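Here is the structure we will look at, set down as structure tokens.
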Amino acid sequence: MKKILITGGAGFIGSHLCERLLNEGNEVICLDNFFTGSKNNIIHLLDNPFFELIRHDVTMPYFIEVDEIYNLACPASPIHYQYNPIKTIKTSVMGAINMLGLAKRIKAKILQASTSEVYGDPTIHPQKEDYWGNCNPIGFRSCYDEGKRCAESLFINYHQQNNVNIKIARIFNTYGSKMSINDGRVVSNFIVQALKGDDITIYGSGKQTRSFQYVSDLIEGLIRLMNSDKSFIGPVNIGNPHEFNMLELANSIIELTDSKSKISYLPLPEDDPVQRQPDISLAKKVLNGWEPKVELKQGLINTIEYFKSII
Ligand code: NAD
Ligand code: UDP
């Protein structure tokens, strides 16, 4: 049995990770400030004596003895991370410093939830880990992109300078149950709109692409990365390479929900990346043959069932 700290554990991805690691017989400490996370995501775990919930903000130091840390704390949806951009940067940068300092002190292994956003609006397609990215350092997305890029730098430097045992995952667009109704990201927005019969809001022409990964595939990838050989630190892309444009996504969701919703077009947010697709050859090689198993249609069906149950 390992003792595992998950920052951002009450969020969408964090709550799935808490559940899976508890089910595997570990002791799990979930730390969250509930900015975008919710107690509802982990309420069913509260009776488990091997689960602890701590209300804390990662921008402040926190001390605990654990074997592993998954550092997920950070709002991930553009509307939420742009709500208080300075706080978003503090969460990524000071959160990383605090958690790396803890890992160094207690000799814990630490995994950073980094993001495909470090590639910005990519000029290389699909994106490989050795691509340095195309980010606007002063744009609306920079609080998130540059915060995450700085966190990666901190991770590498704590590893090189202080021998901290690190892992960096670059996560591509992930969706599934436990996303908040108000999350604001595209899959949950479209599903909620379709189920309510509201207009489906496409930003821009709808020709921009993303590659959507179902949450169970991500969780498997993150755990394999944490358990990978000590010499492998990443960064490694974890995503599903099947790429779709937003119009295709909207039409699939309308069809699967049998919705009467119409599509409406809204302005494209500033610096919205035109295309995004992970090259996952490194992940397949170093994560024991890991690859995504859940295709978009099945993942959407599961996610639609979830939103039907909470709306
Ligand atoms: P989410 O918003 O559902 O979860 C983030 C969690 O972090 C929430 O529970 C929130 O309350 C908590 N949090 C935020 N600021 C905090 C702070 N200062 N102190 C403590 N807790 C704080 O988002 P998610 O999709 O579950 O994302 C989890 C992580 O994965 C994030 O770091 C995100 O950047 C990364 N990621 C997610 C995706 C994706 O598509 N879902 C893609 C790339 C990277
Ligand atoms: N998007 C959209 N309608 C929405 C929400 C998002 O068309 O209601 C678009 C958004 O402009 C982007 C894509 O969907 O091009 C993915 O957006 P999301 O916020 O999910 O993730 P990110 O842009 O961070 O990849």
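In terms of this note's numbering, the numbers along the sequence shown are unbroken and rise by one, the last being 734.
Virtual Cβ for every residue (Gly too), placed ideally from N, Cα, C.
Only a predicted model underlies this, so the values are computations on that prediction, with no experimental measurement involved.
Query	Result
Could you give the uninterrupted runs of the beta strand (DSSP E) lying entirely in the stretch 519–557, keeping only those of 3 residues or more?	532–538
Can you tell me whether Gln698 sits near the ligand UDP, meaning its C-beta is under 7 Å from at least one heavy atom of the ligand?	no
Examine the ligand NAD and report whether any of its heavy atoms sits within less than 7 Å of the Cβ of His503.	yes
Does the distance from the C-beta atom of Gln550 to that of Tyr542 stay below 8 Å?	yes
Name the two residues that bound the continuous alpha helix (DSSP H) containing Ala673.	Met669 to Thr680
Hey, Gly620 and Lys683: beta-carbon distance below 8 Å or not?	yes
Which partner residues does Tyr493 have in the DSSP bridge list?	Ile429 and Leu534
Specify whether the stretch 500–520 and the stretch 645–665 touch according to this definition: at least 3 beta carbon pairs, one from each stretch, less than 8 Å apart.	no
Is Phe458 buried or exposed, if buried means 16 or more other CB atoms sit within 10 Å of its CB?	buried
Does the beta-carbon distance from Cys573 to Ser515 come in below 8 Å?	yes
Could you name each continuous alpha helix (DSSP H) segment of 4 residues or more that falls completely within the stretch 687–730, going from the start of the chain to the end?	704–709
Locate the alpha helix (DSSP H) running through Tyr567, then write down its first and last residues.	Ser565 to Asn585
Quick one: any contact between the stretch 618–637 and the stretch 674–682, if contact means 3 or more CB pairs under 8 Å?	yes
By DSSP, does Leu476 sit in helix, in strand, or in coil?	strand
What does DSSP give as the partner residue(s) for Glu510 in the beta ladder?	With the sequence shown as reference, residue 510 is identified as Lys, and Glu is not the correct amino acid for it. Answer is none; Lys510 lacks a bridge partner.
Reducing DSSP to helix, strand and coil, say where Tyr504 ends up.	helix
Compute the beta-carbon to beta-carbon distance between Trp713 and Glu643, rounded to the nearest angstrom, for a pair I have assumed lies under 8 Å.	6 Å
For Tyr729 and Asn446, what's the separation of their Cα atoms in angstroms?	21 Å
Note down the Cα distance separating Val451 from Ser438, rounded to an integer number of angstroms.	11 Å
Would you mind sorting Lys583 into buried or exposed? The rule is 16 or more other CB atoms within 10 Å of its CB.	The residue asked about is misnamed: residue 583 is Gln in this sequence, not Lys. Result: exposed.
Which stretch, first to last residue, makes up the alpha helix (DSSP H) that contains Ser634?	Looking at the DSSP string, Ser634 is not in any alpha helix (DSSP H); the run it does join, the beta strand (DSSP E), is Thr632 to Ser634.
Answer with buried or exposed for Phe613, where buried requires no fewer than 16 other C-beta atoms within 10 angstroms of its C-beta.	buried
Give a single yes or no on whether Thr632 has its beta carbon closer than 7 Å to a heavy atom of the ligand NAD.	no
Taking the beta strand (DSSP E) that Ile465 belongs to, which residues open and close that run?	Unbroken run through Ile465: none, as it is neither H nor E.
Measure the C-alpha to C-alpha separation of Thr599 and Asn586 and round it to an integer number of angstroms.	Correcting the residue type first, residue 599 is Gly in the shown sequence and not Thr. Taking the straight line from one Cα to the other gives about 36 Å.
Between which two residues does the beta strand (DSSP E) containing Arg593 stretch?	Ile589 to Ile594
Would you mind working out which of Ile502, Lys530 and Pro498 sits nearest Gly518, comparing C-alpha positions?	Pro498
To the nearest angstrom, report how far apart Ile594 and Ser500 are at their CA atoms.	13 Å
Quick check: the Cα distance between Phe474 and Leu705, rounded to an integer number of angstroms?	33 Å
Note down the Cα distance separating Asp455 from Asp490, rounded to an integer number of angstroms.	19 Å
Please state if the CB of Thr726 and the CB of Val609 are separated by a distance shorter than 8 Å.	no
Can you tell me whether Val638 is helix, strand or coil according to DSSP?	helix
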